[in-house]
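Asks:
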Amino acid sequence: MFPPESDPGPDFVGLLNLTTDRAVPSARAEGAAGATLAGSTLASSVAHGTTVVALRDAEGVIMAGDRRATAGNIIAHHAMDKVFPADRYSAVAIAGTAGVAMEMVRLFQVQLEHYEKVEGSTLSLEGKANQLAQMVRSNLPMAMQGLAVVPLFAGYDTARGTGRIFNYDVTGGHYEDIDFQATGSGGRDARSTVKLGWRESLPRNEGLDLVIQALYDAADEDSATGGPDPVRGIYPIVAVVDASGYREIPEQEVAQRFTALIARKQAERVQ
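Per the numbering used here, the sequence shown starts with residue 1175, numbered consecutively.
As structure tokens, then:
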């Protein structure tokens, strides 16, 4: 129970700050100018996630991310997860400093669940995007030292009956993309591929093939982006969000689509 003047309401971070001795980190002026040599060295030694992509199709949204994490010029992880459910009708994908991004995603998931329990209703999709923007903004002092997180947020707007996509910058600014977006080190190449293949009311089957081709092309141009790895059985994570909610595409299906894509490219070379 809280007195009216200090009631945190549905704010989970505010609740933690009121009930624990250890405050949750928030945006502070100190350290914001910390683009020091030590910060740069730390940034190059921790794992970073790379390319994630999202597009709107006829049923909702498709989101995908490669599995590679790098630390400088070293491959830190071959099978990192970068696409997560935020709640039933939304998903978040991460690019940037892996450890900070994973913590941000977990806190974001809990925040949305806490809001729903306290208020008895879910946030609007725009409200969820705003909540994530506040978390990105709170990481700005670390971002100034090279430990940035740049997520991609997408979901199915149950009020409008359509998929929506939001991208972010390190200051917490968030912007809605009507059709598609990609971010991370291979984001430019992935975005170029999607731009060439996207069209209004894109069928789900074609949309899945398009995000897979986008990640393939990004891996072909960007060394930090991991392509399909049939030897280890590692393939990008692909998820969809529509009126039925969030669900991941089975890895076997993703592998089959990559196999078909490679076969098409081999046939094109022969011709």
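We put the CB at the ideal spot given by N, CA and C, even for glycine.
1) As a quick exercise: from T1271, L1286, K1256, pick the residue whose alpha carbon is nearest that of A1317.
2) Where does D1255 fall in DSSP's three states?
3) Does DSSP put V1292 in a helix, a strand or coil?
4) Between the Cα of T1244 and the Cα atoms of A1388, P1410, A1269, N1304, which residue gives the shortest distance?
5) Where does M1278 fall in DSSP's three states?
6) Between the Cα of G1408 and the Cα atoms of A1417, Q1308, V1428, S1366, which residue gives the shortest distance?
7) Roughly how many whole angstroms lie between the Cα atoms of Q1426 and P1404?
8) Of all the options I1423, G1358, V1292, G1335, which has the alpha carbon lying nearest to the alpha carbon of V1224?
9) Taking the straight line between their C-alpha atoms, what separation do you get for R1280 and L1286?
10) Residues in the same chain with beta-carbon distance under 7 Å from R1250, minus the five sequence neighbours each way, listed in chain order, please.
11) Can you tell me whether T1399 is buried or exposed, with buried defined as 16 or more other CB within 10 angstroms of its CB?
12) Taking the runs of the alpha helix (DSSP H) that are 4 residues or longer, which of them lie wholly in the segment 1323-1386?
Replies: Concretely, from the data shown:
1) T1271
2) coil
3) helix
4) A1269
5) In this structure, DSSP gives M1278 a helical state, which the three-state scheme calls helix.
6) Position check: residue 1408 holds Ile in this sequence, whereas Gly was assumed. For the residues A1417, Q1308, V1428, S1366, the minimum Cα distance to I1408 belongs to V1428.
7) 11 Å
8) Note on identity: in this sequence residue 1224 is Thr, with Val being the wrong assignment. Looking at the Cα atoms, G1358 is the closest of the given residues.
9) Using only the alpha carbons, I get a separation of about 10 Å.
10) Per the sequence shown, residue 1250 should be read as Ala rather than Arg. Here the set comprises A1221, A1243, T1244.
11) buried
12) 1361-1371
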